[in-house]
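Per numbering that gives the first Met the number 0, residue 0 is the first one in the sequence shown, and the count goes up by one each step.
The beta carbon of each residue, even a glycine, is placed where N, CA and C say it ideally should be.
None of the values given here were measured: they were computed from a predicted structure.
Structure first, then comments.
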Amino acid sequence: MFQGKYIFAQITEFVSQYEFDRCVKRYRGNKQVRNLTCHDQFLSMVFGQLTNLKSLSGIVLCLNAHREKLYHLGFRAKKLILSTLTRANENRNWEIYRDLAQLLIGKARQLYVDDNDFKIELDGAVYAIDSTIIDLCLGTFPWAHFRKEKAAVKIHTQLDLRGNIPSFFLITTGKTHDLNFLDAMKFEENAFYVMDRGYYDFARLYRIHKGKAFFIIRAKDNLKFSRLYSRPVEKETGVRCDQIIKLDNYRSQKEYPEKLRRIKYYDAETDQYYVFLTNDFELDAEAIAELYKHRWKIELFFKWIKQHLKIEVFWGYSANAVKTHVCVAICTFLLGDCRQFPKNPAEFSIPKTTI
Numbered sequence: 000m001f002q003g004k005y006i007f008a009q010i011t012e013f014v015s016q017y018e019f020d021r022c023v024k025r026y027r028g029n030k031q032v033r034n035l036t037c038h039d040q041f042l043s044m045v046f047g048q049l050t051n052l053k054s055l056s057g058i059v060l061c062l063n064a065h066r067e068k069l070y071h072l073g074f075r076a077k078k079l080i081l082s083t084l085t086r087a088n089e090n091r092n093w094e095i096y097r098d099l100a101q102l103l104i105g106k107a108r109q110l111y112v113d114d115n116d117f118k119i120e121l122d123g124a125v126y127a128i129d130s131t132i133i134d135l136c137l138g139t140f141p142w143a144h145f146r147k148e149k150a151a152v153k154i155h156t157q158l159d160l161r162g163n164i165p166s167f168f169l170i171t172t173g174k175t176h177d178l179n180f181l182d183a184m185k186f187e188e189n190a191f192y193v194m195d196r197g198y199y200d201f202a203r204l205y206r207i208h209k210g211k212a213f214f215i216i217r218a219k220d221n222l223k224f225s226r227l228y229s230r231p232v233e234k235e236t237g238v239r240c241d242q243i244i245k246l247d248n249y250r251s252q253k254e255y256p257e258k259l260r261r262i263k264y265y266d267a268e269t270d271q272y273y274v275f276l277t278n279d280f281e282l283d284a285e286a287i288a289e290l291y292k293h294r295w296k297i298e299l300f301f302k303w304i305k306q307h308l309k310i311e312v313f314w315g316y317s318a319n320a321v322k323t324h325v326c327v328a329i330c331t332f333l334l335g336d337c338r339q340f341p342k343n344p345a346e347f348s349i350p351k352t353t354i
């Protein structure tokens, strides 16, 4: 409904000024700031994301061309200066915008709290865990050294599959192993965590189990185990075996001393066999396989943000500028959800005109 506001102002109004100021105060972001506050910096970056501009100079040029409208767009600066915006991205703590993103995550997730794309009713949430790599030029981003002639940053993401909202994320260099993301996570009781073999580590899986949460992960081919007993299966469902096992390897057994459930499943759509490990002993084996299939939503999420948000070309070269850029991009995605845009990434589109 038209409210007499520019589209850009309607999108960004879901950022509570009080909550934003708390994030800024936490990291003293506006200390000794005269011309460009953190809020103006944030609005400038969101504007660049929504309009798909290629550089900070393009953002400054476009906004200054509408200088008489800046106040109505939410800005308090009367004019933007390129060097000031550049320094802000280079030096102001990127964690301001990470904390803001976490606040927006809480708002966006509330919109989909009753959504359930699964065939079963679950008491807890279902999360997919994965990461995506963004390639960089080694000469321009030497701090992000990844391989011999390559630099990269990695975005680790915990995606809430009810609404496809990133509930937690971590930005690291490309060299950081995916397993480190599990160390930074807090696990919710009764929640399911679905992941691929990149997170295959029994000590960390046992930490999930001790947190009274559940995991579903692809088993490695060289898994050594002893079968304790097998449950009856209906092969027409695709389930080939449903076993309760104990690990045989000394180190694995020490890291995960309790029983596990091993499920072998045939997917007729892909004509492939999958072997899953889980610490859930209640759900049907077919339901476990179905939950794993939903893991691919995180791949669609990564594909969408790379196609629609500016996260493969950065507007700064320091680690702080890159992390600020990524956090603001995620905030932009979440603001779209707060405006109740379609939750399916394929149906979501950024407005072509924001003023």
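Boundaries (first-last residue) of the alpha helix (DSSP H) holding Q252: 249-254
Pair within 9 Å by beta-carbon distance, I243 and R217: For the 9 Å CB-CB criterion, I243 and R217 do not form a contact.
Assigned exposure category for V45 - 16 Cβ within 10 Å defines buried: buried
Cβ-heavy atom distance, D98 to the ligand FAD, below 8 Å: Annotation note on the ligand FAD: not contained in the displayed structure, which lists no ligands.
Distance between R206 and E18 (C-alpha atoms, nearest Å): Between E18 and R206, the C-alpha separation is close to 33 Å.
Backbone CA spacing between Y70 and A8 [nearest angstrom]: Roughly 10 Å between the two C-alpha positions.
Rounded separation between P231 and E12 - CA only: Linking P231 to E12 through their CA atoms gives a straight-line distance of about 55 Å.
Residues sharing a beta bridge with I164, DSSP: DSSP, once it has assigned bridges, lists D159 as partnering I164.
Own chain, CB closer than 8 Å to C240, minus 5 neighbours either side, in chain order: S229, V232, R261, I262, K263
Where F280 falls: helix, strand or coil (DSSP): coil
Proximity below 9 Å, CB of D195 to CB of R86: Going by beta carbons, D195 and R86 fall outside the 9 Å limit.
Own chain partners of L169 with C-beta closer than 6 Å, once the 5 adjacent residues on each side are dropped: H155, F180, A183
Option nearest I58 by Cα separation, candidates K68, A127, F301, I80: I80
Cβ-based burial, P256 [other Cβ within 10 Å; buried from 16]: exposed
Helix, strand or coil at H144 [DSSP, three-state]: H144: strand per DSSP, three-state reduction.
Neighbourhood of D116 by C-beta, 8 Å cutoff - its chain only, sequence neighbours within 5 removed: Around D116: L160, R161, H293.
Opening and closing residue of the beta strand (DSSP E) in which R86 lies: Counting along the chain, R86 falls outside any beta strand (DSSP E), though it belongs to the alpha helix (DSSP H) covering 81-90.
Through-space distance from A318 to W93, alpha-carbon basis: 9 Å
DSSP three-state assignment for M44, whether helix, strand or coil: helix
Alpha-carbon spacing of H65 relative to T175, whole angstroms: Our two residues, H65 and T175, have alpha carbons roughly 42 Å apart in a direct line.
Local conformation of V312 per DSSP, three classes: coil
Inter-residue Cα distance where the pair is T83 and Y126: 40 Å
Sheet register partners of A127 (DSSP bridge): Paired residue(s): L158, V193.
Backbone CA spacing between G28 and N90 [nearest angstrom]: Answer to the nearest angstrom: the Cα atoms are 9 Å apart.
Under 9 Å between C-beta atoms of L47 and L60: Correcting the residue identity first, residue 47 is Gly in this sequence and not Leu. It is not a contact, given that the beta carbons lie outside the stated cut-off.
DSSP three-state assignment for K302, whether helix, strand or coil: helix
Nonlocal neighbours in the same chain, by C-beta distance under 7 Å from E311, ignoring five residues either side: I133, K305
Cβ-Cβ distance between L49 and T331 below 9 Å: yes
Pairwise C-alpha distance: A320 and L204: 34 Å
Proximal residues to Q16 (C-beta, below 8 Å), its chain only, five neighbours per side dropped: H38
Per-residue burial, N88 [other beta carbons within 10 Å of its own, 16 or more giving buried]: buried
As assigned by DSSP and simplified to three states, the class of D180: According to the sequence displayed, residue 180 carries Phe and not Asp. The answer is helix: DSSP assigns F180 an H, G or I state.
Opening and closing residue of the beta strand (DSSP E) in which I119 lies: That residue, I119, is in no beta strand (DSSP E); it is neither H nor E in DSSP.
Proximity of Y273 and D279 at Cβ, strictly below 9 Å: no
Residue burial classification, V14 (beta-carbon count within 10 angstroms, cutoff 16): buried
Beta carbon of L135 nearer than 9 Å to that of F301: no
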